[in-house]
Amino acid sequence: MKIINRFPHAVRVIENCWIPMSDGCRVAARIWLPAGAETTPVPAILEYIPYRKRDFTRARDEPMHHYFAGHGYAAVRVDLRGSGDSDGLLLDEYLKQEHDDGLEVIRWIARQPWCSGAVGMMGKSWGGFNSLQVAARRPPELKAIITVCSTDDRYPDDVHYMGGCLLNENLTWGSVLMTYNAYPPDPELVGERWRAMWRDRLEHAVFFPEVWLEHPRRDDYWKHGSVCENYGAITCPVYAVGGWADAYSNAIPRLLAGLKAPRKGLIGPWAHLYPHDGVPGPAIGFLQEALRWWDHWLKDTDTGIMAEPMLSVWMQESVPPKPFYKHRPGRWVAESQWPSPRITHQRHWLDVGRLTSAPTVKIQLDFRSPQTTGLGAGEWCGFGAPGEAPLDQRGDDGCSLTFDSEPLRERIEILGAPVATLEVAADQPVALIAVRLNDVARGGASTRVTYGLLNLTHRDGHEQPEQLEPGKRYLIRVMMNDVAHAFAAGHKLRLAISTSYWPIAWPAPQPVTVSLFTS
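Residue numbering for the sequence shown follows our numbering, beginning at 1 and increasing consecutively.
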């Protein structure tokens, strides 16, 4: 790793600055300014998140925002209302109040004497979400965004539900967020008010998992903040970035296909991290790439970035299964447009224990997976730490219906979201299906490539679930997560289907036997 400590511009840091909101609330900001910005105004880059600039993200913020300031930008890191050292209360994710405040923050930044009037917005996870959401409000000062590890659809593709199945992360993340909210502001910054502010937060603490459990279907609660409801609302340029070891890569192909504004996509092998800190490696010079983006859109400098392919992804090679990868072997591949006309679709049919190239005899296979099926799944969302990646899938495969291809005669590379179309019946009104696509090596080791879940009551959509009629056959589609993966010659494709995927997803209310009809 190359350490950079000299920049084109000297940098001055304002440790804390209060940004006034129209209702009298103040949000706290830390600002990095290039020397001379007060006399020669510069564009600004905003990161707007609830993760406590004073302590929790400080070590991460400093090198990133210092880098931007050192290259001629004002970098502004803001604590959301009710978080860190800001006034007010944080009562939920992505509320209209958060977006309204974001508009005021952007307007305030653009009017400062050190700002040229052009503002960019970026963030990872929460900051990636609200960059998209604020962009959809079209503040005129916002000229471009970079969204990292985010989603365009809050119900089926976030931490709460997947395919209509309740994720265990709903409880985990909700508890973590509640804990963040329970921390006090810094007395050095807010003064004697700190105790009253802290007490106010504690007295109005929200048990977030309960809030999200009250919305088990895709209702207006989830549609709010889901920019897929109207891609046309976003008119500023969007750079969407993610990693295959993260839980938020699916939105990138959808954004590229749905947006009409200038757009680019980048997906590496990384977990839930900025790519310059990317694990599994290889990490990249993401700050340099972001600078090219900002220079193009905020300084009107031709960096060549928009002449490059629309989508660049890390094509992952086959690897033995293990719980941690420091590095994922592979190579960069690129597509000039998305969806790509260069991608062909390959279809397989299900026979007893095998995948075939044509339909065979229809056979009924009844199965009920043990509740422990899924213990080899790893974490729903990885942060690049040991123990997060899926284990050898043979244990979970043994508790599932599995269908194997013949050993591949030649290498196959896939890019996109595999889909399983299945004909099923169940003996209970509520059931779930988990589908995994695995890479089986010559020695039998089974590496999970991608997976998908479906609550069968959501078979016709997430807005109006309908219970199953026991014994009735249904044709269902299970969409798996997007992925780029190369199956080596001699390896097998394995489709594994189970009625449980614990602890990723909460189980059906009653044990259920599912009938699968082959071909």
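For every residue, glycine included, the Cβ atom is placed at its ideal position computed from N, Cα and C. Note that the structure is a prediction, hence the values are computed from the model and not measured.
Pair within 9 Å by beta-carbon distance, residue i and residue j
i, j, result
"Pro34", "Ala74", "yes"
"Ser226", "Ala488", "no"
"Asp404", "Lys492", "yes"
"Ile305", "Ala261", "no"
"Met315", "Lys264", "no"
"Leu350", "Ser519", "yes"
"Gly163", "Pro465", "no"
"Glu335", "Arg342", "yes"
"Pro323", "Gly378", "yes"
"Ala445", "Pro320", "yes"
"Leu432", "Thr450", "no"
"Phe371", "Pro507", "Sequence check: residue 371 is Gln here, not Phe. Yes, the Cβ-Cβ distance between Gln371 and Pro507 is below 9 Å."
"His71", "Leu291", "yes"
"Trp293", "Trp270", "no"
"Gly443", "Val478", "no"
"Gly376", "Pro386", "no"
"Asp157", "Ala251", "yes"
"Val352", "Pro418", "no"
"Ala118", "Pro237", "no"
"Lys143", "Trp297", "yes"
Among the options, nearest to residue i - alpha-carbon criterion
i, options, result
"Gly110", "Leu46, Gly128, Ile146, Leu89", "According to the sequence as given, residue 110 is Ala; it is not Gly. Residue Leu46 is the option with its Cα nearest to Ala110."
"His544", "Leu266, Phe208, Asp302", "This structure leaves residue 544 out entirely; the chain is present only between 1 and 519."
"Ser175", "Trp198, Glu192, Glu210", "Glu210"
"Cys17", "Val134, Ala28, Ala136, Ile343", "Ala28"
"Pro470", "Ala445, Trp506, Gln428", "Gln428"
"Leu166", "Lys143, Pro216, Met197", "Pro216"
"Ser400", "Ala425, Val430, Leu365", "Leu365"
"Ala426", "Thr402, Glu388, Ser498", "Ser498"
"Ala257", "Arg331, Ser340, Ala245", "Ser340"
"Thr151", "Lys326, Pro139, Gln133", "Gln133"
"Glu333", "Ala486, Asp302, Gly378, Leu291", "The residue you asked about is not Glu; residue 333 is Val in the sequence shown. When only C-alpha atoms are compared, the closest one is Ala486."
"Asp277", "Arg394, Gly384, Leu189", "Gly384"
"Val279", "Trp244, Lys326, Pro507", "Lys326"
"Arg331", "Gln346, Val313, Val11", "Val313"
"Glu38", "Ser116, Val424, Ala496, Leu422", "Ser116"
"Pro407", "Asp397, Leu355, Pro418", "Leu355"
"Pro511", "Arg368, Ala496, Gly285", "Arg368"
"Val13", "Phe56, Gly24, Phe68, Leu171", "Phe68"
"Arg473", "Met480, Ala484, Asp482, Leu456", "Leu456"
"Leu177", "Gly490, Glu93, Ile412", "Glu93"
"Leu287", "Glu308, Met122, Leu89", "Met122"
"Ser500", "Leu468, Val430, Ile476", "Val430"
"Asp295", "His9, Gly120, Arg193, Ser83", "Gly120"
"Trp126", "His272, Ala196, His348, Gly398", "His272"
"Leu89", "Leu255, Trp198, Ala420", "Trp198"
"Ile145", "Ala283, Leu255, Thr57, Val435", "Leu255"
"Gly398", "Ala496, Ala59, Leu415, His348", "Ala496"
Bridge partner(s) assigned by DSSP for residue i
i, result
"Glu335", "Leu311"
"Ala240", "Thr147, Gly265"
"Ala425", "Ser515"
"Phe487", "Ile412"
"Lys492", "Val440"
"Gly452", "Val435"
"Thr356", "Trp349"
"Arg30", "Arg77"
"Leu142", "Val119"
"Ala99", "One point to set straight first is that residue 99 is His, not Ala, in the sequence displayed. Looking at the DSSP assignment, His99 forms no beta bridge with any residue, so it has no partner."
"Thr57", "In DSSP, Thr57 forms no bridge with anything."
"Val13", "Trp32"
"Trp18", "Ala28"
"Thr447", "Asp439"
Close beta carbons around residue i, own chain, < 6 Å, minus the five adjacent residues each side
i, result
"Val241", "Val148, Leu266"
"Arg218", "Tyr155, His462, Glu463"
"Ala247", "Trp380, Cys381"
"Ile412", "Phe487"
"Trp114", "Leu33, Ala37, Glu38, Pro41, Ala74"
Own chain residues within Cβ distance below 7 Å of residue i, not counting five before or after
i, result
"Pro503", "Asn168, Gly374"
"His65", "Trp32, Ala75, Arg77"
"Lys124", "Val148, Cys149, Tyr274"
"Arg137", "His99, Leu103"
"Asp79", "Val27, Ala28, Pro50, Arg52, Lys53, Asp85, Ser86"
"Val440", "Asp404, Ser446, His491, Lys492, Arg494"
"Gly128", "Thr147, Val148, Cys149, Ser150"
8 Å Cβ shell around residue i - same chain, five flanking residues per side excluded
i, result
"Arg107", "Pro139, Glu141"
"Ala182", "Arg201, Leu202, Ala205"
Run through the region 251 to 295 for me and flag every whole beta strand (DSSP E) of 3 or more residues, listed as ranges in chain order.
-> The qualifying runs are 263 to 268.
Entirely within the region 358 to 422 and at least 4 residues each: give me those alpha helix (DSSP H) ranges in chain order.
-> The qualifying runs are 394 to 397.
In the region 199 to 250, which residue ranges form an unbroken alpha helix (DSSP H) of at least 4 residues, counting only runs that do not cross its ends?
-> 208 to 213, 220 to 223
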